[in-house]
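Undergrad: Before anything else, here's the structure in question.
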Amino acid sequence: MKVLKFGGTSVGSVESLRNVKDIVESINGPAVVIVSALGGLTDQLIATARAAAANDPSYMDSMQSIRSRHLAIIDNVVPEIARQEVTDKVSGLLSDLERMYSGVYLIRHLPQMTLDIIVSFGERMSSVIVAAMIDGGSRHDSLGFIKTEKWYDKNIADQKLTTELIRQEFSRPFKYAVVPGFISTDINTGDITNLGRGGSDFTAALVAAALDAEVLEIWTDVDGFLSADPRIVSDAVLVPHMTFIESMELCSYGAKVIYPPTIYPVFHKNIPIRILNTFNPAAPGTLITDSQCDGDLKVKGISAIRDTSLFHIDGNISGKLKNTVSRTFNALAKKGVKVFNVSRNDARPGMSFAVAKGDADVTYDLLCREFAPELSKGTVSRPERIDNVATIAVVGENMRDNSRLGARIRHTLSRDGIRVEGYSEGASDTTMAYVVDADRLDNALRHIHTLVF
Ligand code: ADP
Ligand code: ASP
Ligand code: MG
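Each position in the sequence shown, counted from 1, maps to that position plus 644 in this note's numbering.
Structure follows, in structure tokens:
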């Protein structure tokens, strides 16, 4: 059995929805089809909620455009026999959404829980439309079987319970099961939650792993995984094959193609992933499997996290204090702060690492708290923090053996006047990382791409 996921661009317009219908109906079922909200809708749902909370009456115009977009799509893609029923269902959801917005407008307040309910409407509506549009389609509501639990201030999937519930849900025969991506409910409170922006990919992976699917197909708007973000590097090339580890590295370093947590459940079950283009279904796409293939490119791609902050702990700490590294990482892990790379700069002894800009304040606080005794005695200096940097990853299996490439990358960057604030070569088997000024990121990516591909 196949699991397919169609992203926002694939379900964004009448034309793209017709492609989705053709792609699904050509499968000799059964298949599970995960859908995102209509393209751009999640951003609009959030912006409208913020406008309402700011007491800006223009939220009503935005609500009106959400309504007309959905109703127009229904008129154009849902077969006449089902059209009234689908219009009624979606109109009911639109009325609930409108009531949520007017509540937010009146109380001028937008708690996270309310925003989570508001964003859920996107996938709840798109899945009703797609299920009715596909011949043999039935809708299965992920609010009933994708479960999250609170972890600090994040909602994370409870994979064990979710797996059991998915198996129960799909134990009865179906042809094309259509499932809203992204949305979930809390195991304790039953409140509506979600798997994070881009999370429909993860819904698809959880379903694929629970049902031991033969393949997970991610249908999007590009021909496959490219060697770099095509919006920045215009001559990025298609990568026909890569490993799970390589895709995981590229995506956790910012390649938007797949939402990073997606890869773990399918990797664990060794279920291949295919990245395919809804607008060019005949293209072979990218295949992601557990091991290298003959003819694989040595370097699979470059990606970047734009908003990062670089921290440096001086040589004093790492020289005099035992367990500095483990104390730092343990402190950060307890608050769920993800560290991108441990980088080195020949001119600076000590330890550097990068975190997402959004985690920078909490990182600084945690470091100060962790090393409070040493700081008060003056045996260490305050951690240094550089904001407005970006972290670039150059990814391929066996990167560790490719040290000459590292030197050439640094040479290329410095020749073009791009300062490398820190780098990491050889710390990971698959990834070399470079920290550069955020304003120079696009140039740096183009230079590295020209050098490597
Ligand atoms: P979807 O709505 O289908 O989930 P996304 O916008 O999340 O689509 O992801 C697909 C987009 O990712 C592409 O349109 C492309 O612009 C961007 N992208 C960034 N890096 C890469 C890459 N290395 N290869 C392919 N696409 C990339
Ligand atoms: N609609 C959600 C988002 O835009 C989830 C997804 O598309 O994967 O983030
Ligand atoms: Mg996506």
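Glycine included, each C-beta is placed from N, C-alpha and C at the ideal position. Computed from a predicted structure; not experimentally measured.
Heavy atom of ligand 3 less than 7 Å from the Cβ of Y897, yes or no?
TA: For this step, residue 897 is matched to residue 253 along the sequence shown. Checking the Cβ of Y897 against ligand 3 gives no.
Undergrad: Could you check whether F955 and P884 sit closer than 8 Å to each other, using their CB atoms as the reference points?
TA: Translated into the one-based positions of the sequence shown, residue 884 becomes position 240. Translated into the one-based positions of the sequence shown, residue 955 becomes position 311. No, these two residues do not count as a Cβ contact at 8 Å.
Undergrad: Is R866 close to ligand 1? I mean its beta-carbon at under 7 Å from any heavy atom of the ligand.
TA: Against the sequence shown, residue 866 aligns to sequence position 222. For clarity, residue 866 is Val in the given sequence; the question names Arg instead. Yes - ligand 1 has a heavy atom lying nearer than 7 Å to the Cβ of V866.
Undergrad: With a threshold of 7 Å, establish whether the CB of A948 neighbours any heavy atom of ligand 1.
TA: As a first step, residue 948 must be located in the sequence shown, where it is residue number 304. Not under cutoff, so the answer is no.
Undergrad: Suppose you measure from the CA of A1088 to the CA of G945; what does that come to, to the nearest Å?
TA: The residue given as residue 1088 occupies position 444 in the sequence shown. The residue given as residue 945 occupies position 301 in the sequence shown. Distance from the CA of A1088 to the CA of G945, rounded to the nearest whole angstrom, comes to 14 Å.
Undergrad: Please return the same chain residues whose Cβ sits closer than 6 Å to the Cβ of T653, not counting the five positions on each side in sequence.
TA: On the sequence shown, position 9 is the one that residue 653 refers to. For T653, where only same-chain residues beyond five positions count, the Cβ hits under 6 Å are G683, D865.
Undergrad: Have a look at V1024 and S970 and give me their C-alpha separation to the nearest angstrom.
TA: For the purposes of this step, residue 1024 is identified with residue 380 of the sequence shown, where counting begins at 1. For the purposes of this step, residue 970 is identified with residue 326 of the sequence shown, where counting begins at 1. Looking at the two C-alpha atoms, the distance is approximately 16 Å.
Undergrad: Can you name the start and end residues of the beta strand (DSSP E) that D1031 belongs to?
TA: By 1-based counting over the sequence shown, the position of residue 1031 is 387. Its beta strand (DSSP E) spans residues 1028-1039.
Undergrad: From the DSSP output, in three-state form, read off T930 for me.
TA: As a working mapping, residue 930 is identified with position 286 in the sequence shown. The answer is strand: DSSP assigns T930 an E or B state.
Undergrad: Would the stretch 658-674 count as touching the stretch 775-787 if we require 3 or more Cβ pairs under 8 Å?
TA: yes
Undergrad: Give me the Cβ distance between A1034 and R918, rounded to the nearest whole Å; I'm assuming they're in contact under 8 Å.
TA: In the sequence shown, the residue the question calls residue 1034 occupies position 390. In the sequence shown, the residue the question calls residue 918 occupies position 274. Incorrect: roughly 30 Å between the Cβ atoms, too far for contact.
Undergrad: Would you kindly report the start and end of the unbroken alpha helix (DSSP H) that includes S1020?
TA: By one-based count along the sequence shown, residue 1020 stands at place 376. Counting along the chain, the alpha helix (DSSP H) containing S1020 begins and ends at 1016-1021.
Undergrad: Give, in chain order, every unbroken run of the beta strand (DSSP E) that is at least 3 residues long and sits entirely within the stretch 857-888.
TA: Runs of the beta strand (DSSP E) inside the stretch 857-888: 859-864, 885-887.
Undergrad: Who are the Cβ neighbours of G980 in its own chain at under 7 Å, not counting the five residues just before and after it?
TA: Locating residue 980 in the sequence shown gives position 336, where the first residue counts as 1. If we look at G980 and ignore the five residues flanking it on each side, its Cβ neighbours are W795, Y796, K798.
Undergrad: Does the beta-carbon distance from L741 to I773 come in below 8 Å?
TA: On the sequence shown, position 97 is the one that residue 741 refers to. On the sequence shown, position 129 is the one that residue 773 refers to. No, the Cβ-Cβ distance between L741 and I773 is not below 8 Å.
Undergrad: Roughly how many angstroms separate the alpha carbons of F888 and A927, rounded to a whole number?
TA: In the sequence shown, counting from the first residue as 1, residue 888 sits at position 244. In the sequence shown, counting from the first residue as 1, residue 927 sits at position 283. F888 and A927: Cα-Cα distance of roughly 21 Å.
Undergrad: Let me confirm a value: K978 is counted as buried when at least 16 other C-beta atoms fall within 10 Å, else exposed. Which label applies?
TA: Within the sequence shown, residue 978 is the residue found at index 334, counting from 1. When all chains shown are included, K978 counts as exposed.
Undergrad: From M886, H714, T1075, pick the residue whose C-alpha is nearest to that of S735; which is it?
TA: Taking the sequence shown and counting its residues from 1, one reaches residue 735 at position 91. Of M886, H714, T1075, the residue nearest in Cα terms is H714.
Undergrad: Using 8 Å as the threshold, is the stretch 869-878 in touch with the stretch 806-825, meaning 3 or more CB pairs across them?
TA: no
Undergrad: Rounded to whole angstroms, what's the CA-CA distance from R743 to A691? Just pull it up for me.
TA: Position 99 of the sequence shown, counted from the first residue, corresponds to residue 743. Position 47 of the sequence shown, counted from the first residue, corresponds to residue 691. If you take the alpha carbons of R743 and A691, they lie about 16 Å apart.
Undergrad: Can you tell me which of the three DSSP states D779 falls into?
TA: In the sequence shown, counting from the first residue as 1, residue 779 sits at position 135. DSSP places D779 in coil when its eight states are reduced to three.
Undergrad: What number of angstroms, rounded off, separates the C-alpha of P904 from the C-alpha of W863?
TA: Indexing the sequence shown from 1 puts residue 904 at position 260. Indexing the sequence shown from 1 puts residue 863 at position 219. The alpha-carbon atoms of P904 and W863 are separated by roughly 16 Å.
Undergrad: Does V999 come out as helix, strand or coil in the three-state DSSP assignment?
TA: The residue given as residue 999 occupies position 355 in the sequence shown. Looking at V999 - three-state DSSP - the assignment turns out to be strand.
Undergrad: So, under 8 Å CB-CB, A857 and V647 are touching, yes? Tell me the CB distance rounded to an integer number of Å.
TA: Start at 1 with the first residue of the sequence shown, and residue 857 comes out as number 213. Start at 1 with the first residue of the sequence shown, and residue 647 comes out as number 3. About 4 Å separates the two Cβ atoms, so the contact holds.
Undergrad: Hey, how far is the Cα of T930 from the Cα of L920?
TA: To locate residue 930, count along the sequence shown from 1; it is residue 286. To locate residue 920, count along the sequence shown from 1; it is residue 276. Their backbone Cα atoms lie some 7 Å apart in a straight line.
Undergrad: Between L850 and the rest of its own chain, which residues show a CB-CB distance below 8 Å, the 5 nearest in sequence each way excluded?
TA: The residue you call residue 850 lines up with position 206 of the sequence shown. For L850, the CB contacts under 8 Å within the same chain, skipping 5 residues up- and downstream, are I790, A801, Q803, T806, T807, I810, P909 in chain order.
Undergrad: Would you tell me roughly how many angstroms separate the C-alpha atoms of G843 and F826, rounded to the nearest one?
TA: To locate residue 843, count along the sequence shown from 1; it is residue 199. To locate residue 826, count along the sequence shown from 1; it is residue 182. Between G843 and F826, the C-alpha separation is close to 5 Å.
Undergrad: In whole angstroms, what separates the C-alpha of G781 from that of M892?
TA: Against the sequence shown, residue 781 aligns to sequence position 137. Against the sequence shown, residue 892 aligns to sequence position 248. So the two alpha carbons sit approximately 32 Å from each other.
Undergrad: Specify, as a first and last residue, the run of the beta strand (DSSP E) that P824 falls within.
TA: Counting from 1 along the sequence shown, the entry for residue 824 is found at position 180. Counting along the chain, the beta strand (DSSP E) containing P824 begins and ends at 820-824.
Undergrad: To the nearest angstrom, report how far apart I710 and V679 are at their CA atoms.
TA: Taking the sequence shown and counting its residues from 1, one reaches residue 710 at position 66. Taking the sequence shown and counting its residues from 1, one reaches residue 679 at position 35. Taking the straight line from one Cα to the other gives about 18 Å.
Undergrad: Considering only C-alpha positions, which residue in the set L1010, N985, M995 is nearest to V1079?
TA: In the sequence shown, the residue the question calls residue 1079 occupies position 435. That would be N985, whose Cα lies nearest to the Cα of V1079.
Undergrad: Considering just the uninterrupted stretch of the beta strand (DSSP E) at G1066, what are its terminal residues?
TA: Along the sequence shown, read from residue 1 onward, the residue named residue 1066 stands at position 422. 1064-1068 is the extent of the beta strand (DSSP E) around G1066.
Undergrad: Need the endpoints of the alpha helix (DSSP H) that K733 sits in, please.
TA: The residue given as residue 733 occupies position 89 in the sequence shown. Element bounds for K733: 724-751.
Undergrad: Can you confirm whether the stretch 996-1009 touches the stretch 1041-1052 when touching is taken to mean that 3 or more C-beta pairs between the two stretches lie within less than 8 Å?
TA: No contact exists between the stretch 1041-1052 and the stretch 996-1009.
Undergrad: In terms of residue numbering, what span does the alpha helix (DSSP H) encompassing A852 cover?
TA: On the sequence shown, position 208 is the one that residue 852 refers to. It spans 844-854 - the alpha helix (DSSP H) in which A852 sits, taken as one unbroken run.
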